[in-house]
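For reference, the structure is listed below as structure tokens.
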Amino acid sequence: MTEVGVRRSSLSTMASTSVLLFIFSIYSCYAQVPLLMWTSDGYSMPHLAQPAAGQAVSGGQLVSYLKSALSTAPHNVLLFLQDKLSIDDFTMYGGVFGNKQDSVFLNAESALQSSSSPLVLPALDWSASDSVLELFQEELGIPAVHINPSTLKDIKLNTAQPSLLAVHLPYTAGQDVLAQSRELLLKNDEIIGKVLDMFKSQDVPYTAVYTGLKPSRVIEDTPVMAGSSVGRSLLQTPPSPPVKPPVVVNSSTGHPCIMMWADTLLTSYSTNEVDLGIYIFNGSATTTGSVCNETVSRLVLNFQNVLGFQSLQLIFSMHKIFFPVSARDWTIMEQVVLEYDGQRAVFNGSRGIYAPAEYSFHCQSVSSVQSPLLVPYNASDNANQWKLIFTDFQIQAFNLTGEVFSYASDCAGFFTPGIWMGLLTSLLMVLILTYGLHMIMQLRTMDRFDDPKGPAISVPQSE
Numbered sequence: 001m002t003e004v005g006v007r008r009s010s011l012s013t014m015a016s017t018s019v020l021l022f023i024f025s026i027y028s029c030y031a032q033v034p035l036l037m038w039t040s041d042g043y044s045m046p047h048l049a050q051p052a053a054g055q056a057v058s059g060g061q062l063v064s065y066l067k068s069a070l071s072t073a074p075h076n077v078l079l080f081l082q083d084k085l086s087i088d089d090f091t092m093y094g095g096v097f098g099n100k101q102d103s104v105f106l107n108a109e110s111a112l113q114s115s116s117s118p119l120v121l122p123a124l125d126w127s128a129s130d131s132v133l134e135l136f137q138e139e140l141g142i143p144a145v146h147i148n149p150s151t152l153k154d155i156k157l158n159t160a161q162p163s164l165l166a167v168h169l170p171y172t173a174g175q176d177v178l179a180q181s182r183e184l185l186l187k188n189d190e191i192i193g194k195v196l197d198m199f200k201s202q203d204v205p206y207t208a209v210y211t212g213l214k215p216s217r218v219i220e221d222t223p224v225m226a227g228s229s230v231g232r233s234l235l236q237t238p239p240s241p242p243v244k245p246p247v248v249v250n251s252s253t254g255h256p257c258i259m260m261w262a263d264t265l266l267t268s269y270s271t272n273e274v275d276l277g278i279y280i281f282n283g284s285a286t287t288t289g290s291v292c293n294e295t296v297s298r299l300v301l302n303f304q305n306v307l308g309f310q311s312l313q314l315i316f317s318m319h320k321i322f323f324p325v326s327a328r329d330w331t332i333m334e335q336v337v338l339e340y341d342g343q344r345a346v347f348n349g350s351r352g353i354y355a356p357a358e359y360s361f362h363c364q365s366v367s368s369v370q371s372p373l374l375v376p377y378n379a380s381d382n383a384n385q386w387k388l389i390f391t392d393f394q395i396q397a398f399n400l401t402g403e404v405f406s407y408a409s410d411c412a413g414f415f416t417p418g419i420w421m422g423l424l425t426s427l428l429m430v431l432i433l434t435y436g437l438h439m440i441m442q443l444r445t446m447d448r449f450d451d452p453k454g455p456a457i458s459v460p461q462s463e
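What the sequence shown shows, in full-length UniProt numbering, is residues 1 to 463, in sequence order.
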């Protein structure tokens, strides 16, 4: 019995050891962003221990850093939130190889150098960076005010009370990744410089933070544990980024009646552009004023301090209409309206935004610029001053069953112009080939030939 017990114990120990080795050998993908924090001249933060090289700062550690920093730092907080940012951006564009004049972070570097006790966190967990704004709101006990760089000259600060100003900075990468990223980072640094100059001109002490909402580059790493053999190992696929929940409006009975989702909602007025999707899906926008019933649905999205306007409303007006030709109900997007500071811009969407009432409508690009589905109501309407570009747009206003979209009726037809061109060209070539084969098949050879060496054929004249 003792021998059996020893064997069972050894087998259990081996199984536990195998599980631990398996867990530690699993492939991991580190999504991290940097965080820079500094104060204005004459103010300092307590000495904070820098994390060890290669160590990622977690959310709990970030809270500890913020509490310690705000104990002595000014409570006028400037939060520069860039859509994407990685430590590699500073390596590639920060002039770290001696060419400081080519750096795109001149204003940020100057502010860090002038600060007596800056805080630099090279690797902050993505999950923690996504909640930086909420952490500051909890620590300061005040809501954040989202400002637009174009309205800086109109902002008056009150030094007697704490403030939390959030500035959203774009980041993108197109076909020419290096050129576009460098240009945008340079523009973002100019915005940082303008905001800091505004605070200096009003003699307001501040605490500034520069970080990203998600990394622009993800570094994949496979840790090698001591004593582990080099060979095959089970690799885990990188975790997909969290999917933003759709906007849901409930009816008076508490059931969902309108749902909307989009990857981006780019809205530009004059030379200013902003992605309203950031405000919608982070909870700062409201749906007050939205209504829905059996035949009419109206989705109202309310924004504050956007594009230089104190209030901005984005309104989707939809109607359910029965068409006898198809013998079914259809959802028509009659208008997309922008109401801002007492003015109104109306886009007509009924020409291209429609779907069967039991389906949702989906389109990869709903635009008022290129191949427009949104057209200004008339030539004199204020809509001519606006540009709307909605990407991966989906909406449903009727026949919702739970918080799930129905089958999507897509705006792109099955036969695209490219497909039609290919089909017509192929058909023309087939017709030409068929005609040529038909001509060849109709050729006939003569049944008699005149032999020049043989006797001549005589034809009697009398007959």
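Ideal Cβ positions, reconstructed from N, Cα and C, are used throughout, including at glycine. Since this is a predicted model, take the numbers as computed values, not measurements.
The three-state secondary structure of PRO170, taken from DSSP, is coil.
In the structure shown, the three-state DSSP call for LYS200 is helix. For LEU85, there is no enclosing beta strand (DSSP E), since its DSSP letter is neither H nor E. Contact annotation: ALA345 and GLN385 have beta-carbon atoms nearer than 9 Å. DSSP lists ILE332 as the bridge partner or partners of TYR354.
Distance check between PRO143 and each of SER150, THR151, PRO149, LEU133 places LEU133 closest, using alpha-carbon atoms only.
Restricting attention to alpha helix (DSSP H) runs no shorter than 4 residues, the UniProt domain "V-type proton ATPase subunit S1 luminal" (256-398) encloses them at 276-281, ordered along the chain. PRO452 sits exposed, since fewer than 16 C-beta atoms from the chains shown fall within 10 Å of its C-beta.
With fewer than 16 other beta carbons inside 10 angstroms of its own, TYR435 counts as exposed.
Three or more Cβ pairs closer than 8 Å define a contact, and the region 250-263 falls short of that threshold against the region 72-80. Here the region 353-364 lies against the region 324-342, with 3 or more beta-carbon pairs under 8 Å apart.
Judged by DSSP in its simplified three-state form, LYS194 adopts helix. In the structure shown, SER409 falls within a strand segment according to DSSP collapsed to helix, strand and coil. A distance below 7 Å between beta-carbons, with the five flanking residues on each side excluded, links ARG182 to the following residues of its chain, in chain order: TYR93, VAL104. In this structure, THR211 lies near LEU81, with their beta-carbon atoms less than 9 Å apart.
Counting along the chain, no alpha helix (DSSP H) covers LEU400, and no H or E run does either.
Looking from the CA of ASP263, the closest CA among SER317, ASN382, SER44, ASP392 belongs to ASP392. Under the three-state reduction of DSSP, HIS438 is assigned to helix. Boundaries of the alpha helix (DSSP H) harbouring ASN107: 106-114, taken from the DSSP string. ALA456: not part of any beta strand (DSSP E); DSSP gives it neither H nor E. Out of SER311, SER116, ASN399, THR271, the CA that lies nearest to the CA of SER284 is found in SER311.
Per the Cβ contact rule, the region 104-117 is not in contact with the region 268-282 (fewer than 3 Cβ pairs under 8 Å). In the DSSP assignment, TYR210 falls within the beta strand (DSSP E) that extends over 207-214.
Under the three-state reduction of DSSP, PRO51 is assigned to coil, being neither helix nor strand.
For LEU157, no alpha helix (DSSP H) run applies, since DSSP gives it neither H nor E. Taking 9 Å as the cut-off, the beta carbon of ILE321 is found no closer than this to the beta carbon of ILE353.
Comparing C-alpha distances from LEU157 to each of LEU185, MET37, SER368, MET198 shows the shortest one belongs to MET198. Distance from the CA of GLN304 to the CA of PHE415, rounded to the nearest whole angstrom, comes to 42 Å. ASP189 and MET421 have their C-alpha atoms roughly 47 Å apart. Taking 9 Å as the cut-off, the Cβ atoms of SER268 and ALA397 do not count as close. Residue range 132-140 is occupied by the alpha helix (DSSP H) that includes VAL132. Between VAL300 and LEU35 the beta-carbon gap is near 36 Å, outside 8 Å, which marks them as no contact. In the structure shown, the three-state DSSP call for ASP189 is helix. Per the coordinates, the alpha-carbon of TYR43 lies some 53 Å from the alpha-carbon of HIS255. When rounded, the separation of the alpha-carbon atoms in ILE258 and SER317 is 11 Å. Spanning the alpha carbons of THR286 and GLY349 requires a straight line of approximately 23 Å.
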